[in-house]
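S.K.:
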Amino acid sequence: MMQQIKYYKDLEEFKNSSLLSHQVLHIDLNGNQIGDEGASGLGSALANCINLSNLTLDLHFNQIGAMGAQGLGSALANCINLSNLTLYLGSNQIGDEGVSGLGSALANCINLSNLTLDLHCNQISAKGASGLGSALANCINLSNLTLYLQQKQFICFGL
Numbered sequence: 135m136m137q138q139i140k141y142y143k144d145l146e147e148f149k150n151s152s153l154l155s156h157q158v159l160h161i162d163l164n165g166n167q168i169g170d171e172g173a174s175g176l177g178s179a180l181a182n183c184i185n186l187s188n189l190t191l192d193l194h195f196n197q198i199g200a201m202g203a204q205g206l207g208s209a210l211a212n213c214i215n216l217s218n219l220t221l222y223l224g225s226n227q228i229g230d231e232g233v234s235g236l237g238s239a240l241a242n243c244i245n246l247s248n249l250t251l252d253l254h255c256n257q258i259s260a261k262g263a264s265g266l267g268s269a270l271a272n273c274i275n276l277s278n279l280t281l282y283l284q285q286k287q288f289i290c291f292g293l
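Take 135 as the starting number for the sequence shown in our numbering and just add one per residue.
(1) With a threshold of 6 Å on Cβ separation, who are the neighbours of LYS140 within its own chain once the five nearest residues in sequence on each side are excluded?
(2) Reducing DSSP to helix, strand and coil, say where LYS143 ends up.
(3) I'd like to know whether the C-beta atoms of ASN224 and ALA269 end up nearer to each other than 8 Å.
(4) Give me the Cβ distance between LEU189 and LEU154, rounded to the nearest whole Å; I'm assuming they're in contact under 8 Å.
(5) Taking only the alpha-carbon atoms, compute the straight-line gap between LEU221 and ILE258 and give it to the nearest angstrom.
(6) For ASN185, list the residues DSSP reports as bridge partners.
(7) Could you pull out every unbroken beta strand (DSSP E) segment of at least 3 residues lying fully inside the stretch 185 to 269, listed in chain order?
(8) So which of SER208, ASN166, HIS254, LEU219 has the shortest CA-CA distance to GLY235?
Written out as structure tokens, the structure is:
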């Protein structure tokens with residue numbers, strides 16, 4: 135039996151939906167500027183989606199920092215049936231601490247087998263990328279991983 139994809143473009147509409155019924159979910163909040171507070175609110179709602187198995191979350195251009203990324207990851211760990219996760223978090227301000235925390239939180243998603251993370255343009259250095267990799271190494275059932283980590287590096291030369 136094919137599961138119906140539920141699609142949301144409005145955070146409040148999603149938060150007021152029947153959270154327990156969601157199994158396959160696509161949430162597109164690209165460019166909504168939800169920030170850390172909105173990411174935490176989204177995470178709190180997602181934590182109640184205990185039957186969720188497939189999630190695509192587009193949060194590009196939302197001014198999400200370390201706290202928002204970590205909170206979102208921690209909330210997703212409550213989705214015990216989550217096996218397929220695609221997180222588009224490009225062009226935010228997650229940084230090294232946030233990306234390491236996100237990875238550590240996702241390592242608690244015990245049934246996660248397919249993960250796509252788009253983290254481009256998030257002020258992530260080699261230290262953050264290493265922390266993410268070390269954390270994701272603890273995803274015991276992860277069989278497919280796709281990472282986008284392109285970062286803008288600026289070098290300033292004195293005159």
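All C-beta atoms, glycine included, are put in the ideal place defined by N, C-alpha and C. Given the structure is predicted, the values throughout are model-derived calculations rather than measurements.
M.R.: The answer reads as follows:
(1) As a working mapping, residue 140 is identified with position 6 in the sequence shown. Cβ within range, chain order: HIS156, LEU159.
(2) Stepping through the sequence shown from its first residue, residue 143 is reached at position 9. Three-state DSSP puts LYS143 in coil, outside helix and strand.
(3) On the sequence shown, position 90 is the one that residue 224 refers to. On the sequence shown, position 135 is the one that residue 269 refers to. Sequence check: residue 224 is Gly here, not Asn. No, Cβ-Cβ distance for GLY224 and ALA269 is not below 8 Å.
(4) Counting from one through the sequence shown, the residue named residue 189 turns up at place 55. Counting from one through the sequence shown, the residue named residue 154 turns up at place 20. 15 Å between Cβ atoms; not a contact.
(5) Taking the first residue of the sequence shown as position 1, residue 221 is located at position 87. Taking the first residue of the sequence shown as position 1, residue 258 is located at position 124. Using only the alpha carbons, I get a separation of about 16 Å.
(6) Within the sequence shown, numbered from 1, the residue matching residue 185 stands at position 51. Per DSSP, none; premise fails for ASN185.
(7) 188 to 192, 218 to 222, 248 to 252
(8) The count along the sequence shown starts at 1 and reaches residue 235 at position 101. Residue SER208 is the option with its Cα nearest to GLY235.
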